[in-house]
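Visitor: Okay, here's the structure, questions in a sec.
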């Protein structure tokens, strides 16, 4: 039997000489992936933004390989020194890992046994080498660079891949992302619905933000607001019906000045007896059930996503009695 704790410790020790990636905490990975266990059976899982020497995604999948009934785990990391990307490696070449479970007769796996090799290219997820690996994968699970989120999702869509990835909630407003949500090609995962999340950072990372800490072993962590999981794999919570109990009144739910819809400030305040269009906060998507509501559009200013604007007005965000509200998603109940 493989000693996973020792294996993971050996892998981390092998990474100390280089700059590590911003890595997702194991508890956040466990809390999300527990909702998709049956999706991994007999599947090739590809983590294409993950150095296996520091990745908690690798640790999770290698620990649960037999339980999940996986076929293979593949991870690749990017050789990179730019500050805006999550993998910040000071190495000559990127690496790849292929893991197909325990090897019979071995008393303990080591780096050589689980197949870590150097890539010919730099490990960028857009490189031909990594695209070939992507084509062979069934499910992609990783923490991609937030700054490249649009391009990363576009690639997943181009190759028709199933995925579970983490990103910033602001991505919902992107013109490349919202249409995918509207057309039920992408939705939010169930485990994170509010607050912020903690990520590990490299030793050289400057801890200038107020929300940071250093643990007893000297590891650095920062907290990031507005984090969400994005996926196109079904999970039970996606089909839960939102219980509505509020009654519509024109005083509590005023119409917008620049669009024919009522304003709803909180998801839990959606009225049960209103059949028209409603503007709800972006956090509504945490509770969105496509069998209960129809997504119509998004009201937003700015060049990224102009949203739905009332004809003849310059405004994208909704106005109530001349006062601009925060971004709103336009929805309508689906009649039973």
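Residue numbers (this note's numbering): 604 to 939. Backbone N, C-alpha and C define an ideal beta-carbon position, used for all residues, glycine too. Quick caveat: nothing in here was measured; it's all calculated off a predicted structure.
Residue 931: buried (16+ other C-beta within 10 angstroms of its C-beta) or exposed?
Guide: buried
Visitor: Would you check if there are 3 or more beta carbon pairs closer than 8 Å linking the stretch 924-938 to the stretch 858-868?
Guide: Counting Cβ pairs under 8 Å, three or more are found: they touch.
Visitor: Let me make sure I understand the geometry here. Which of 769, 679, 725 has the alpha-carbon closest to that of residue 736?
Guide: 679
Visitor: Enumerate in chain order the residues of its own chain whose CB-to-CB distance from residue 899 is below 7 Å, with the five nearest sequence positions on each side excluded.
Guide: 880, 933, 934, 935
Visitor: Which value, in whole angstroms, describes the spacing of the CA atoms of residue 806 and residue 818?
Guide: 12 Å
Visitor: Quick one: residues in its chain with C-beta nearer than 8 Å to the C-beta of residue 724, no 5 flanking neighbours on either side, listed in chain order?
Guide: 697, 730, 731, 732, 733
Visitor: Take residue 792 as the anchor and find which of 651, 886, 672 has the nearest alpha-carbon.
Guide: 886
Visitor: Might you give, ordered along the chain, the residues of its own chain that have their beta carbon closer than 8 Å to the beta carbon of residue 752, omitting 5 neighbours on each side?
Guide: 770, 771, 774, 777, 780, listed in sequence order.
Visitor: Buried or exposed: which applies to residue 635, given that a residue is buried once 16 or more other Cβ atoms fall within 10 Å of its Cβ?
Guide: buried
Visitor: Is the stretch 629-649 touching the stretch 784-801 in the sense that three or more CB pairs, one from each, lie closer than 8 Å?
Guide: Yes: at least three Cβ pairs fall under 8 Å.
Visitor: Given a cut-off of 8 Å, decide if residue 804 and residue 833 are closer than it, judged by their beta-carbon atoms.
Guide: no
Visitor: Indicate whether residue 844 and residue 787 have their beta-carbon atoms separated by less than 8 Å.
Guide: With respect to the 8 Å criterion, residue 844 and residue 787 are not classified as neighbours on the basis of their beta carbons.
Visitor: Indicate the three-state DSSP secondary structure (helix, strand or coil) for residue 862 in the structure shown.
Guide: Coil at residue 862, not helix or strand.
Visitor: Which complete beta strand (DSSP E) runs does the stretch 625-678 hold, if anything under 3 residues is left out?
Guide: Listed in chain order, the complete beta strand (DSSP E) runs (minimum 3 residues) inside the stretch 625-678 are 647-650.
Visitor: How about residue 898: is its Cβ closer than 7 Å to a heavy atom in the ligand NAD?
Guide: Among the components of this structure there are no ligands whatsoever, and the ligand NAD is therefore not found.
Visitor: Measuring alpha carbon to alpha carbon, tell me which of 828, 847, 782, 667 ends up nearest residue 801.
Guide: 828
Visitor: Going by DSSP in three states, residue 771 sits in which element: helix, strand or coil?
Guide: Correct three-state label for residue 771: strand.
Visitor: Spatial neighbours of residue 838 within its chain, please: CB distance less than 6 Å, with the 5 preceding and 5 following residues excluded, ordered by chain position.
Guide: 638, 793
Visitor: In this structure, how does DSSP classify residue 756 when only helix, strand and coil are distinguished?
Guide: helix
Visitor: Excluding the five sequence neighbours on either side, which residues of its own chain have a C-beta within less than 6 Å of the C-beta of residue 609, listed in chain order?
Guide: Caution applies to residue 609, whose pLDDT of 44 falls short of 50 and renders its modelled position unreliable; the model cannot decide the point.
Visitor: Pull up the distance between the alpha-carbon of residue 628 and that of residue 747, whole angstroms please.
Guide: 14 Å
Visitor: Which residue marks the beginning of the alpha helix (DSSP H) containing residue 734, and which one marks its end?
Guide: 731-739
Visitor: Per DSSP, residue 926 is paired with what?
Guide: 923
Visitor: Leaving out the 5 sequence neighbours to the left and right, which residues in its chain are closer than 7 Å to residue 863 when beta-carbon positions are compared?
Guide: 880, listed in sequence order.
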